[in-house]
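Student: Take any residue in the sequence shown, note its place counting from 1, add 89, and you have its number in my numbering.
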Amino acid sequence: MDPLAQTDILFFKDGNFDKAQAETILKDALYGADDGDLFLEMDYLEFLAFDDGRLKSASYNQSSGFGLRAILGEADAFAHSGDMSAASLERASKTVKAVTRGYSGKLAMSPSNVANLPLYSDANPLDVTPFNSKIKLLQEIDKYAREKDSRVKQVSASIAGSWQAVQILRPDGYRAADIRPLVRLNVSVMVEANGRMETGSSGSGGRFMFDKYLQPDIWKREVDEALRLALLGLESIPAPAGEMEIVLGPGWPGVMLHEAVGHGLEGDFNRKGTSIFSGKVGEQVAAKGVTVIDDGTISDRRGSITIDDEGTKSARNILIEDGVLKGYLQDRQNARLMNVEPTGNGRRESYASLPMPRMTNTFMESGDMEPSEIVSSIKNGIYAVNFGGGQVDITSGKFVFSASEAYLVEGGKIKAPVKGATLIGNGPDAMSKISMVGNDMALDAGVGTCGKNGQSVPVGVGQPTLKIGGITVGGTQAA
């Protein structure tokens, strides 16, 4: 079914919230504003967690509401409610009009094209797969992990799913809608040997149905990976410390690119001049051969969106090309203030949140080097395959990331796994020190969640194998 028709049934199915009346209230509330919209949302969430051999947590939630926003220059007038009624919308309108009254802006034009190719199913993953099948899946994961290795002491597994329907209305009659499924599987395994305990985790997800995870070859892959990482931890030695060459593996290590570079390329930071990349469009900001893309149009990916939360069609945006900064990620407000076009990156956590420039699936494109050549070029360094947490200062570009899976590299050979390695550096500086780019670009497995200004949205990351020179490694042993 067409998303507009499908969401009309959800939001305007009774006389309590009439579409024509909502459009009239919206038009009146935004009179004289520069821009604005009415965002409608209905969301279904389910979470099941299995721990210590039994179902430990089960939750289900359904919510709906609207957010009414008017934009006045750099300011926003915003009101939201979980009460989907004309009376509630009227009250929200009075709040917004208290701010917009007397303002005489010119309403920005709506997006020219609301149509986009379907990127994911409109089915509800919470309904497609029976509840009992999900419980059975978690039981099988627990049993399989415990039988696979006698050193396994604890197994935790969880599945999460959501189904979100949104519709965006503008005062000129423009309407756009999207139906967004999202699922995720996580497995954690704890092992013990000789008094030492280690934990490994693995997960994946995307905008598809749960039935994918009912296939044994899919869920066993996650268990095997979690167990592999846990057992690897038993063999790990303390990480060295000091400045050294680093090789980053493909896929999930792209989270460092997301944090250290991607956030700095969001339009709001650059309009305000608070990003280290502000005012540098057209300049060399990374090594030649480095091309960074943000693409919200990849089918079934966790970070993909058919339209953004302002109704702009998602797109494949080139941010850095051959090391040269090409542009920033934009929502409607920042794009208008910077006199550029929106890029389809206006995203919000829910109807109760204001949209802002956010990433979708952000990755570095492949180069032409074989990964084995890159590793063999390192005399003494670290090969970081997976990352845990990290933090970045947008203004300075400084970052700190913890490697959850890393190895010593000596004489071009991968040696012992190390524990406690943290990478410390500066985003633009690290980008300029990329000397080799692999031909094996991969996206992450579909587990990324991005936080900004208290809002969280699903995202994807990716990159090929990379060699970066002169990164400081924080560890427990002197290099």
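Backbone N, C-alpha and C define an ideal beta-carbon position, used for all residues, glycine too.
Excluding sequence positions up to five away, which residues of its chain have a Cβ less than 6 Å from the Cβ of residue 265?
Tutor: The residue labelled residue 265 in the question sits at position 176 within the sequence shown. The answer, listed in chain order, is 203, 257, 396 and 400.
Student: Could you name the residues that DSSP lists as bridge partners for residue 475?
Tutor: If you number the sequence shown from 1, residue 475 lands on position 386. Looking at the DSSP assignment, residue 475 forms a beta bridge with 494.
Student: Go ahead and label residue 363 buried or exposed: buried means 16 or more other beta carbons lie within 10 angstroms of its beta carbon, across all protein chains shown.
Tutor: Stepping through the sequence shown from its first residue, residue 363 is reached at position 274. Answer is exposed; the Cβ neighbour count stays below 16.
Student: Using only CA atoms, which one of 535, 552 and 471 lies nearest to residue 311?
Tutor: On the sequence shown, residue 311 is found 222 positions in, with the first residue counted as 1. Comparing Cα-Cα distances from residue 311 to each of 535, 552 and 471, the minimum goes to 535.
Student: Go ahead and label residue 484 buried or exposed: buried means 16 or more other beta carbons lie within 10 angstroms of its beta carbon, across all protein chains shown.
Tutor: In the sequence shown, the residue the question calls residue 484 occupies position 395. The residue in question, residue 484, is exposed, as its Cβ has fewer than 16 Cβ neighbours within 10 Å.
Student: With distances taken between CB atoms, is the gap from residue 196 to residue 111 smaller than 8 Å?
Tutor: For the purposes of this step, residue 196 is taken as residue 107 along the sequence shown, with counting starting at 1. For the purposes of this step, residue 111 is taken as residue 22 along the sequence shown, with counting starting at 1. In this structure, residue 111 does not lie closer than 8 Å to residue 196 by Cβ.
Student: Where does the unbroken beta strand (DSSP E) through residue 252 begin, and where does it stop?
Tutor: Here residue 252 refers to the residue found at position 163 of the sequence shown. Looking at the DSSP string, the run of the beta strand (DSSP E) that includes residue 252 is 241-258.
Student: Going by DSSP, what residue range makes up the alpha helix (DSSP H) through residue 108?
Tutor: Residue 108 sits at position 19 when you count from the first residue of the sequence shown. It spans 108-118 - the alpha helix (DSSP H) in which residue 108 sits, taken as one unbroken run.
Student: If you run the structure through DSSP and keep just helix, strand and coil, what is residue 230?
Tutor: Counting from one through the sequence shown, the residue named residue 230 turns up at place 141. Note: residue 230 maps to helix in three-state DSSP.
Student: Taking the beta strand (DSSP E) that residue 136 falls in, what are its first and last residues?
Tutor: Locating residue 136 in the sequence shown gives position 47, counting from the first residue. Element bounds for residue 136: 124-140.
Student: Cutting at 7 Å between CB atoms, please list the residues of its own chain near residue 339, excluding the five before and the five after it.
Tutor: Taking the first residue of the sequence shown as 1, we reach residue 339 at position 250. Correct list, in chain order: 527, 529, 530, 531, 552, 553 and 554.
Student: Identify the residues that DSSP records as bridge partners of residue 530: which are they?
Tutor: Here residue 530 refers to the residue found at position 441 when the sequence shown is read from its first residue. According to DSSP, which records beta bridges pairwise, residue 530 is partnered with nothing at all.
Student: Just the C-alpha distance for residue 316 and residue 277, rounded to the nearest angstrom, thanks.
Tutor: Against the sequence shown, residue 316 aligns to sequence position 227. Against the sequence shown, residue 277 aligns to sequence position 188. Looking at the two C-alpha atoms, the distance is approximately 8 Å.
Student: Residue 289 bridges to which residues according to DSSP?
Tutor: Within the sequence shown, residue 289 is the residue found at index 200, counting from 1. Residue 289 is bridged to 278.
Student: Reducing DSSP to helix, strand and coil, say where residue 155 ends up.
Tutor: For the purposes of this step, residue 155 is identified with residue 66 of the sequence shown, where counting begins at 1. Strand.
Student: Report back the beta-carbon spacing between residue 586 and residue 557 to the nearest angstrom; my notes put them in contact at under 8 Å.
Tutor: Because the chain is modelled from 90 through 568, residue 586 falls outside the range shown and cannot be assessed.
Student: Once the 5 residues before and after residue 153 are set aside, which same chain residues still bring their CB inside 6 Å of it?
Tutor: Start at 1 with the first residue of the sequence shown, and residue 153 comes out as number 64. Closer than 6 Å at Cβ, skipping near neighbours: 131 and 173.
Student: Any idea what DSSP makes of residue 364, helix, strand or coil?
Tutor: Walking along the sequence shown from the start, residue 364 turns up at place 275. Three-state DSSP puts residue 364 in coil, outside helix and strand.
Student: Are the CB atoms of residue 115 and residue 134 nearer to each other than 8 Å?
Tutor: Here the question's residue 115 lines up with position 26 in the sequence shown. Here the question's residue 134 lines up with position 45 in the sequence shown. Going by C-beta atoms, residue 115 is not nearer than 8 Å to residue 134.
Student: For the alpha helix (DSSP H) that contains residue 316, what are its first and last residues?
Tutor: The count along the sequence shown starts at 1 and reaches residue 316 at position 227. It spans 305-324 - the alpha helix (DSSP H) in which residue 316 sits, taken as one unbroken run.
Student: Quick check: the stretch 158-173 against the stretch 185-192, are there 3 or more CB pairs under 8 Å?
Tutor: Enough Cβ pairs lie closer than 8 Å, so yes.
Student: If you drop the 5 nearest sequence neighbours on each side, which residues of the same chain put their C-beta closer than 6 Å to that of residue 273?
Tutor: Here residue 273 corresponds to residue number 184 of the sequence shown, with the count starting at 1. Cβ neighbours of residue 273 beyond the five flanking positions: 249 and 294.
Student: Thinking C-alpha only, which one of 562, 119 and 267 is nearest residue 261?
Tutor: Taking the sequence shown and counting its residues from 1, the one referred to as residue 261 is at position 172. Considering only alpha carbons, the answer is 119.
Student: Starting from the Cα of residue 240, find the closest Cα among 187, 320 and 121 and give me that residue.
Tutor: As a first step, residue 240 must be located in the sequence shown, where it is residue number 151. When only C-alpha atoms are compared, the closest one is 320.
Student: From this set, 559, 91, 420 and 210, which residue's C-alpha is nearest residue 520's C-alpha?
Tutor: Reading the sequence shown from its first residue, position 431 is the one you call residue 520. The option with the nearest alpha carbon to residue 520 is 559.
Student: In whole angstroms, give me the CA-to-CA distance for residue 232 and residue 283.
Tutor: Your numbering for residue 232 matches position 143 in the sequence shown. Your numbering for residue 283 matches position 194 in the sequence shown. For residue 232 and residue 283, the distance between alpha carbons rounds to 23 Å.
Student: Compute every distance between the C-beta of residue 260 and the non-hydrogen atoms of the ligand FAD, then say whether any falls below 7 Å.
Tutor: Judged by which ligands are present, the structure shown has none, so any question about the ligand FAD falls away.
Student: Identify whether residue 462 lies in helix, strand or coil by the three-state DSSP scheme.
Tutor: Counting from one through the sequence shown, the residue named residue 462 turns up at place 373. Residue 462: helix per DSSP, three-state reduction.
Student: Could you check how far apart the C-beta atoms of residue 418 and residue 434 are, in whole angstroms? I think they sit under 8 Å.
Tutor: If you number the sequence shown from 1, residue 418 lands on position 329. If you number the sequence shown from 1, residue 434 lands on position 345. Confirmed, Cβ separation roughly 4 Å.
Student: Run through DSSP, which three-state label would residue 96 get?
Tutor: Stepping through the sequence shown from its first residue, residue 96 is reached at position 7. Helix at residue 96.
Student: So, is residue 187 buried or exposed, given that buried needs 16 or more other C-beta atoms within 10 angstroms?
Tutor: The sequence position of residue 187 within the sequence shown is 98, counting from 1. Burial call: exposed.
Student: From residue 469 to residue 285, what distance separates their C-alpha atoms?
Tutor: Here residue 469 is taken as the residue at index 380 of the sequence shown, counted from 1. Here residue 285 is taken as the residue at index 196 of the sequence shown, counted from 1. Distance between the alpha carbons of residue 469 and residue 285 is about 28 Å.
Student: Closest by CA to residue 222, which one among 301, 432, 183 and 291?
Tutor: Position 133 of the sequence shown holds residue 222. For the residues 301, 432, 183 and 291, the minimum Cα distance to residue 222 belongs to 301.
Student: For residue 136 and residue 247, which I take to be in contact (beta-carbon distance under 8 Å), what is that distance rounded to the nearest angstrom?
Tutor: Here the question's residue 136 lines up with position 47 in the sequence shown. Here the question's residue 247 lines up with position 158 in the sequence shown. Indeed, because the Cβ distance is near 7 Å, the residues count as touching under 8 Å.
Student: Cutting at 7 Å between CB atoms, please list the residues of its own chain near residue 458, excluding the five before and the five after it.
Tutor: As a position in the sequence shown, residue 458 is number 369, starting the count at 1. Counting only Cβ-Cβ distances below 7 Å, and skipping sequence neighbours, we find 525, 526, 527 and 528.
Student: Between residue 254 and residue 244, how many whole angstroms is the CB-CB distance? I'm expecting something under 8 Å.
Tutor: Translated into the one-based positions of the sequence shown, residue 254 becomes position 165. Translated into the one-based positions of the sequence shown, residue 244 becomes position 155. Their Cβ separation, rounded to whole angstroms, is 35 Å, which puts residue 254 and residue 244 out of contact at 8 Å.
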